[in-house]
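Worksheet for the structure shown next.
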Amino acid sequence: MDVEKVLCMVGGSSETSYASNSTIPRKALLRIRPMLEEALAEIYRNLHPEKMTVADLGCASGPNTLLLLSEVIRIISNQCLKSGQQPPEMQFFLNDLCNNDFNNIFQSLDRIEESVRAEKVTIVVPYFVAGLPGSFYGRLLPRQSVHFFHSTFSLQWISQVPKDVGDIKNGMPLNKGNIYIGKTGPPLVGKLYQEQFRSDFSHFLKLRCDELVPCGQMVLSFLGRHKKDILDGEWSIIWGLLAESLDSMVREGLVEEKNMDTFNLPFYTPSAEEVEAIINLQGLFDIIHFQTFESNLDPFHNLDDDAVLDNVQSGANCAKVIRSVIESMIASHFGSTIVDDLFSRFATNVAKHLLKEKLKFPILALSLKKKE
Ligand code: SAH
């Protein structure tokens, strides 16, 4: 699988688009506001740049990247008003893979100012917005040119399915019956995924360190795993329910078995300890803050509310979210004809699972400062 070609959120703004199904990362972005505020204020106070460059990595095609831009404009405008200093000119880069629906974002750029004004803040910084296509596992910008990087819900996507996960051992695919690290899979699969993440994340840190100005900062949030056995991760359950849905289609002859055997997700959710160890081992960044909080897979389900929503409705809500994220990957591997049937089965499987427990998952959020 060529991840750069097939990973693409559903574009446009229809009911099934990513733009209409991106409430979960929006909630996460609102939660990390204090981290953003602290990092940006510190950069401004320490550097007082004449030109300030900010990049959002994995911006997708929904409203969250616009929310980020309005937050940054609000924070820097407030800092300028407070200090009475000349405002910097701001350059924003919106990054994602080449197939991303950048036009959908460009068409709604006017929402940035609406949202800053809604917070009753006067915009004093001139700003410029540009799309930046390409993988964040490669260099994106010139050396020492960026003041601040942000990324929400993107770094759990790894650069490739670990090479040996698709291996055939004694005539059997190594990860038979699974599409990710699954309970029925061998421990080696978990190890291979872990190694791929370690290598990708280290590389990501090195590249961003090269691109950041001295004292530049990053705020990153992505899907993680509570500290427990790699096989027991929350996403092993969620992707396990999708694997079951695919498997039922194999048994009914609607999906070819060999297609299922060769499908594995380029995805990994690390524990906070794993992430911290990689950052410390590399020694390029100081960790300023590191938080873990939970989210529910159903965007309409309040985490603190233990009332059980209609499980069938909730199953459908979860399936809509997952579909807006991986439909393109499914369609490119299995063909688009299976998509409706697959996600209707997935909704049913999720609904059944919800009778036993809610589907929650942890989010890791951290702010990092380039070491001097
Ligand atoms: N930040 C957005 C989108 C999250 S969805 C939000 O909060 O709503 C994750 C996005 O990361 C997708 O659009 C996907 O295409 C992008 N992505 C995944 N791997 C990437 C990579 N290697 N380089 C750039 N973007 C990537």
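Numbered by the working numbering, the letters in the sequence shown go through residues 1046 to 1417 in order. Positions of the beta carbon are idealized from the N, C-alpha and C atoms, including for glycine. Please read these numbers as outputs of a predicted model, since none were measured by experiment.
Within 6 Å of the C-beta of Ser1062 there is not a single heavy atom belonging to ligand 1. Rounded to whole angstroms, the separation of the alpha carbons of Ser1153 and Ser1058 is 11 Å. Using a 10 angstroms sphere on the CB of Arg1296, the tally of other CB atoms stays under 16, which defines it as exposed. With a threshold of 6 Å, the Cβ atom of Met1054 counts as near ligand 1, since some heavy atom of the ligand is closer than that.
Note that the region 1253–1265 does not touch the region 1202–1212; fewer than 3 beta-carbon pairs, one per stretch, sit closer than 8 Å. Annotation: the continuous alpha helix (DSSP H) that includes Met1080 extends over 1078–1092. When the alpha-carbon of Phe1198 is set against those of Gly1380, Leu1074, Glu1321, Leu1126, the nearest one is in Leu1074.
Fewer than three beta-carbon pairs drawn from the region 1131–1139 and the region 1217–1231 are found closer than 8 Å, and the two stretches are therefore not classed as touching. Its chain contains Val1055, Lys1365, Arg1368, Ser1369, Glu1372 as the residues whose beta carbon lies nearer than 8 Å to that of Thr1061, once the 5 sequence neighbours on both sides are disregarded; these appear in chain order. The Cβ-Cβ distance between Ser1115 and Ile1157 falls below 7 Å.
For Ile1150, the enclosing alpha helix (DSSP H) begins and ends at 1147–1151. Sorting Leu1276, Arg1188, Leu1139 by C-alpha distance to the C-alpha of Leu1252 places Arg1188 at the top.
In chain order, Ala1396 place their CB closer than 7 Å to the CB of Val1357, counting only its own chain and leaving out the 5 sequence neighbours on each side. The distance from the Cβ of Pro1108 to that of Ala1064 is about 6 Å, consistent with a contact at the 8 Å cut-off. Bridge pairing for Ser1266: Thr1197, Ala1410 [DSSP]. Cβ contact annotation for Leu1387 (same chain, cutoff 6 Å, sequence separation greater than five): Ser1290, in chain order. Taking C-alpha positions only, Asn1309 is separated from Ser1281 by approximately 12 Å. Just measuring C-alpha positions, the residue of Leu1185, Ile1118, Arg1119, Ala1100 sitting nearest Phe1193 is Ala1100. When Cβ pairs closer than 8 Å are counted between the two stretches, the region 1399–1415 is seen to touch the region 1332–1339, the count reaching three or more. Ranked by how close their Cα comes to the Cα of Pro1311, the residues Trp1202, Ser1389, Leu1329 have Trp1202 in first place. With a beta-carbon spacing of about 5 Å, Gly1269 and Thr1314 fall inside the 8 Å limit used to define contacts.
Note that the C-beta distance between Leu1329 and Cys1254 is below 7 Å. Contact between Thr1337 and Leu1409 holds: their C-beta atoms lie close to 6 Å from each other, under 8 Å.
Just so you know, the alpha carbons of Tyr1182 and Leu1257 end up roughly 15 Å apart. Within the region 1172–1221, complete beta strand (DSSP E) segments of at least 3 residues are found at 1172–1178, 1191–1197, given in chain order. In this structure, the C-beta of Tyr1182 approaches ligand 1 to less than 6 Å from one of its heavy atoms. Distance from the CA atom of Leu1126 to the CA atom of Leu1250, rounded to whole angstroms, is 33 Å. Gly1269 has its Cβ no nearer than 6 Å to any heavy atom of ligand 1.
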